[in-house]
Amino acid sequence: MSVRSLNKTVPLLALRDAAIELGSRLIFQKANIYISRTDKTCLVGRNGSGKSTLLKALSGALELDRGDRFIKPGTVVKYLSQEPDFKYDQTAWEYVKNGLKEEEFDQPNFRIESMLSELRLDGDRKIATLSGGEARRAALAKVIISKPDILLLDEPTNHLDLHTIEWLEAELKNFKGGFLLVSHDRAFLRNLSNSMYWIDRTVVRKHEKGFDEFVDWSEKIIKDEITKNKNLDKKIAQETLWLREGLTARRKRNMGRVRQLHELGRKKLDRIKIPEQIKLVVQETTRSGKLVLEARNITKRFDSENEGQITITDRFSTLICRGERVGLIGRNGVGKTTLVRMLLGDEKPDSGKVKWGVGVEHVYFDQNRETLEKETTVWQTLCPNGGDRVEINGRSKHVAAYMRDFLFDEKQLTSRVETLSGGERNRLLLARLFSQEHNLLVLDEPTNDLDVETLEVLEEVLANYNGTVILVSHDREFLDKVATSTIAIEGDGLVEEYPGGYSTYLDQRTRVPSIVFTKRQDMKKEPPKKKMSKKGGKLSYKDQRELDDLPGRMEIMQGQIDSLTSELSISNLFQRDRKRYDIVSLELEKNVNDLKLAEQRWLELEEKKLELENQ
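Going letter by letter, the sequence shown gives residues -10 to 604 in the working numbering.
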């Protein structure tokens, strides 16, 4: 190995046999962490396991109770905490400039302007006037611009939109130093890490592979531990039986086995408890009608102090049907929450209308968790009218047992909401929403602060949910696993709808920008109103037969669309055979329009049927 290669692998920052206790609680012990210039590593663990505490200890912001922190002389370490120390009286330009090395401070530096431009930040604006996402981008610029030897980043994707997350990924892939990341964004960790640390019940474990291996690795550790514990329990049971029934002869040998039994008992006491698994069960009510909600030609504009008039939507139309899981994406400040509020009827569009279907009951998860009252306890949040039980799908359950499913212990039931961590507040809000009757779940950034295990369970619950989901998220993997279609707010009033999750949206948008892959857009004209049949509360024979035939026809249309989309996705089709590309494009556009008309007719007939049955 050359001297240069050796220098790259020498640890620049390390913790040796480190331990931290907060009050009477042990956070981690005997932790050994080494970060060199080539390490692209991540730190994972459950909410509350101590990830942020460990990062603070590595940065030097928190003193160790035991062990040592080592930093190679001359090493520059930059640390981004979840709540950076902002200088609110400074402009964004001045704040980012403070991240430069001392020798660069008085030199003209065009990197500041370039980075502010890439992050869509106005350098003249005061930090105090920035939104949460804008302030987070400024904090990122400050730590990255100095080109340190080591970066320590605690939840760097929080409050960032998908565009900025992908920009940050590119920056870190080109970063010449080492870094340690804490993030709930699994795609982010998969794309960047070549090794990982796991805080597991006060023990810090290392794996020399990236986050992609985490599930298999962690499951094997737990499985081996369970097997070891079973063997230990079996051995103790055997030795206890011998002690009860053993002969008193050969006393020395017997005392040796007694001591062995005591040693086995000590090992049982010292072993780490296998963690409980989160269990999410959703309370559901009667099914809604086929049509959940319809937006028709809705337009919304508002005046911004910094950007003048902003158009959120311009004559946007969509139909959301029962069972669909619709992802909603867009840059920060583009109006995702505003669109959700219009769909829910909490905010009126300037023009156009939103219509709800029959029997729709919704619950709403707000990203700022403002619906949680900080002064109330966990118990009071679940039982606001008193009592000690919640009812889930017809079964009464004690609030303590219900909250154990969400990883809350009994002591936490009397804790006030304001004392909970971000992840705990998210789990509490999910617990409350899932205990209420609903058939439409509206989730605005539900993945913030949730650990990997909780995210995976939530994905599974939503994928099997019988109702309808509207989901705002910047978590690409979550969108891919949950969303059946994606609404993208592109800015300046342009809103497009695509089938599938984020990866499908990105592929279609990149490869074939000339075609709008939308199921139900551009419903500019009001459909003609049909006269209602008066025949005994049911559809006419002709209408019923058409309704029965439509699902099969739509399935055939969707298959043709998928086939044509796949053909257009061939990377060199445009250059190789322009004539074929144009033919397929036109055919695809025709099939998309035919499917829209068929779906519109299907929904009209379904609505007509429901109205007749309810007469």
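The C-beta atom is built at its ideal place from N, Cα and C for all residues, glycine as well.
| Query | Result |
| --- | --- |
| Start-to-end residues for the alpha helix (DSSP H) that takes in residue 177 | 175 to 181 |
| Cβ-based neighbour list, residue 288, same chain, cut-off 8 Å, excluding 5 preceding and 5 following | 300, 302, 303, 304, 305, 338, 339, 340, 341, 482 |
| Buried or exposed (CB count within 10 angstroms, at least 16 for buried), residue 586 | exposed |
| Collapsed DSSP secondary structure at residue 405 in the structure displayed | strand |
| Alpha helix (DSSP H) runs contained entirely in the region 379 to 404, provided each spans 4 or more residues | 388 to 393 |
| Which residues DSSP lists as bridging residue 168, in chain order | 29, 140 |
| Same chain, Cβ closer than 8 Å to residue 241, five either side skipped, listed in chain order | Unreliable placement is indicated for residue 241, whose pLDDT of 49 sits below 50; the coordinate value is still reported in the next sentence. Closer than 8 Å at the Cβ level, and outside the excluded window around residue 241, lies no residue. |
| Exposure of residue 132, with buried meaning 16 or more beta-carbon neighbours within 10 Å | buried |
| Chain-order list of residues whose beta-carbon lies under 8 Å from that of residue 348 (same chain, five-residue window excluded) | 275, 276, 277, 278, 428 |
| Coil, strand or helix - residue 152 by DSSP | helix |
| Given 8 Å, three or more beta-carbon pairs between the region 50 to 62 and the region -4 to 10 | yes |
| Spatial neighbours of residue 542 in its chain, beta-carbon cut-off 8 Å, leaving aside the 5 residues before and after | 587 |
| Beta bridge counterpart(s) of residue 298 as assigned by DSSP | 292 |
| Residue burial classification, residue 416 (beta-carbon count within 10 angstroms, cutoff 16) | buried |
| Test item: CB-CB of residue 310 and residue 185 under 8 Å | no |
| Cβ shell of residue 364 (< 8 Å), same chain only, five flanking positions each side left out | 405, 406, 407 |
| Nonlocal neighbours in the same chain, by C-beta distance under 7 Å from residue 206, ignoring five residues either side | 196 |
| Residue 116 vs residue 124 beta-carbon contact at 8 Å | yes |
| Extent of the continuous beta strand (DSSP E) run through residue 77 | Unbroken run through residue 77: none, as it is neither H nor E. |
| Continuous beta strand (DSSP E) assignments of at least 3 residues falling wholly in the region 183 to 222 | 184 to 189, 192 to 196 |
| Beta-carbon spacing of residue 532, residue 594 below 8 Å | yes |
| Buried/exposed call for residue 455, threshold 16 Cβ in 10 Å | exposed |
| DSSP beta-bridge partners of residue 545 | Answer is none; residue 545 lacks a bridge partner. |
| Cβ shell of residue 201 (< 7 Å), same chain only, five flanking positions each side left out | 179 |
| According to DSSP, residues forming a beta bridge with residue 68 | 141 |
| Counted within 10 angstroms of its Cβ, other Cβ atoms place residue 177 as buried (16 or more) or exposed | buried |
| Endpoints, the alpha helix (DSSP H) within which residue 454 is located | Unbroken run through residue 454: none, as it is neither H nor E. |
| Anticipated Cβ contact below 8 Å, residue 36 with residue 413, distance rounded | 6 Å |
| Beta-carbon separation (whole angstroms), residue 149 vs residue 170, contact threshold 8 Å | The Cβ separation is near 13 Å, so there is no contact. |
| Bridge partners - residue 18, DSSP secondary structure assignment | 192 |
| Contact belief for residue 476 with residue 280 at Cβ below 8 Å, rounded distance in angstroms | Going by Cβ atoms, the distance from residue 476 to residue 280 rounds to 17 Å, so no, they are not a contact pair. |
| Span separating the alpha-carbon of residue 7 from that of residue 55 | 5 Å |
| CB-CB length for residue 421 against residue 370, believed under 8 Å | 6 Å |
| Residue 193 to residue 24 span [Cα, whole Å] | 14 Å |
| Beta strand (DSSP E) segment containing residue 6, residue limits | 2 to 11 |
| DSSP-derived helix/strand/coil call for residue 90 | coil |
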